[in-house]
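Read through the structure below, which is laid out as structure tokens, and then see the notes.
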Amino acid sequence: MPHTADTDFIEKIVKKEAKEVDRVIVEAGEEAAFEAGVPGLHKEIIKKLGRLKFRTSYGQNQLAHAVETAKLATALAAELGANVELAKTGALLHDLGKAMDHNIEGTHAGIGAEFAQRYGVHPLVVNMIASHHHEVEQETVEAVIVESADAISGARPGARRESLEQYIKRVRALEEVANTHPGVRETYALQAGREIRIFVHPEEIDDLASIRLARDISKQIEETMQYPGQIKVTVIRETRATDYAK
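Those letters in the sequence shown? Residues 1 to 246, per my numbering, in order.
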């Protein structure tokens, strides 16, 4: 198709806006590194980090999540006497691969680790990125800290959102799985469906049966439901003895 004044104008605007987006990305990466207290990152790492500004997970902005995870890891590492600098760097960069995983084959942990290694990131930090979902073995306590900080940031109240209807359906489905078993008195889903507590009739379910029930319900949830992370199943068998002093 021949070029016209209109197509020239459109191309000019596209180039201008692309340049502006690139500027915003670099600026966002630099601000995130500054806020997290992680200086000296390669400019290509900064660029990829900044791209997380435009990525969300369950409504949680991934750049904000990276900075929050770095702050949590800093606090955890300081309390535990671990290497604060390594921990906060690994935490800031742990989801770096999410800026690329839409067009590169592999998991975001593996992609991010390979990219970080290419641009001179400390080998222990590379391991923290690669291992935060246990795809490879964690080599340091700082790697465990990064995983913990990531989980805290993602699981805290208000961090992520889902529709009320989906939430209610998931919670009810969890409770219904438990309530179908004989001897169950009542079931409560807690922590946004990450835990269920099952109260049983003590005269029908003894201690050994309680252990079996927890295992059976866990297996049934694994086989019949889809959910992120893990769900804790707790069976509670309560007995009471009452007397009166007269």
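Glycine included, every Cβ here is placed at the ideal spot set by N, Cα and C. Predicted, not measured: the structure shown is a model, and the values here were computed from it.
Exercise. Between the beta-carbon of residue 121 and the beta-carbon of residue 88, is there less than 8 Å?
Worked result: Residue mapping note: residue 121 aligns to position 121 of the sequence shown, counting from 1. Residue mapping note: residue 88 aligns to position 88 of the sequence shown, counting from 1. Not closer than 8 Å, so no.
Exercise. Looking at the unbroken beta strand (DSSP E) that takes in residue 197, where does it start and where does it end?
Worked result: Counting from one through the sequence shown, the residue named residue 197 turns up at place 197. For residue 197, the enclosing beta strand (DSSP E) starts and ends at 195-200.
For this session: For residue 1, collect the residues of the same chain with a Cβ closer than 8 Å to its Cβ; drop the 5 residues on either side in sequence, then sort them by chain order.
Result: Translated into the one-based positions of the sequence shown, residue 1 becomes position 1. Here the model assigns residue 1 a pLDDT of 48, short of 50, so the residue's position is not dependable and the matter cannot be decided.
Problem set entry | residue 233 beta carbon less than 8 Å from that of residue 217 | Counted from its first residue, the sequence shown places residue 217 at position 217. Counted from its first residue, the sequence shown places residue 233 at position 233. Yes, the pair counts as a contact, with Cβ atoms nearer than the cut-off.
Problem set entry | Cβ pair count under 8 Å reaching 3, the segment 171-190 against the segment 221-230 | The answer is yes - the segment 221-230 touches the segment 171-190, with three or more Cβ pairs under 8 Å.
Exercise. DSSP state of residue 254, grouped into three classes?
Worked result: In the structure as shown, the chain begins at 1 and stops at 246. Residue 254 is therefore absent and cannot be evaluated.
Problem set entry | Three-state secondary structure assigned by DSSP to residue 155 | Start at 1 with the first residue of the sequence shown, and residue 155 comes out as number 155. If DSSP states are grouped into helix, strand and coil, residue 155 belongs with the helices.
Problem set entry | Which residues DSSP lists as bridging residue 57, in chain order | Your numbering for residue 57 matches position 57 in the sequence shown. Bridge partners of residue 57 according to DSSP: 60.
For this session: Determine the direct distance from the alpha carbon of residue 189 to that of residue 146, and round the result to whole angstroms.
Result: By 1-based counting over the sequence shown, the position of residue 146 is 146. By 1-based counting over the sequence shown, the position of residue 189 is 189. Rounded to the nearest whole angstrom, the CA to CA distance from residue 146 to residue 189 is 28 Å.
For this session: For residue 125, I'd like the list of residues in its chain whose CB is within less than 8 Å of its CB, leaving aside the five on either flank, ordered along the chain.
Result: Within the sequence shown, residue 125 is the residue found at index 125, counting from 1. Cβ-Cβ distances below 8 Å link residue 125 to 86, 89, 90, 93, 116 in the same chain, with the five nearest sequence neighbours on each side left out; the list follows chain order.
Exercise. Which whole-angstrom value describes the C-beta separation of residue 183 and residue 205, a residue pair presumed to lie in contact below a C-beta threshold of 8 Å?
Worked result: Reading the sequence shown from its first residue, position 183 is the one you call residue 183. Reading the sequence shown from its first residue, position 205 is the one you call residue 205. So it is a contact: roughly 4 Å between Cβ atoms.
For this session: If I'm right that residue 111 touches residue 128 with Cβ under 8 Å, what's the distance once you round it to whole angstroms?
Result: The sequence position of residue 111 within the sequence shown is 111, counting from 1. The sequence position of residue 128 within the sequence shown is 128, counting from 1. Wrong, their Cβ atoms sit about 15 Å apart, outside the cutoff.
Problem set entry | Per-residue burial, residue 187 [other beta carbons within 10 Å of its own, 16 or more giving buried] | The count along the sequence shown starts at 1 and reaches residue 187 at position 187. Burial call: buried.
Problem set entry | Three-way DSSP call (helix, strand, coil) for residue 51 in this model | What you label residue 51 is simply residue 51 of the sequence shown in a count that begins at 1. Residue 51: helix per DSSP, three-state reduction.
Exercise. CA-CA distance, residue 71 and residue 28?
Worked result: Here residue 71 is taken as the residue at index 71 of the sequence shown, counted from 1. Here residue 28 is taken as the residue at index 28 of the sequence shown, counted from 1. In a straight line, the C-alpha of residue 71 is about 17 Å away from that of residue 28.
Exercise. What are the start and end residues of the beta strand (DSSP E) that includes residue 109?
Worked result: Within the sequence shown, the letter at position 109 stands for residue 109. For residue 109, there is no enclosing beta strand (DSSP E); the enclosing alpha helix (DSSP H) covers residues 108-118.
Exercise. Smallest Cα separation from residue 77: which of 143, 230, 158, 169?
Worked result: Working through the sequence shown from its first residue, we reach residue 77 at position 77. Residue nearest to residue 77 within the set 143, 230, 158, 169 is 143 (criterion: CA-CA distance).
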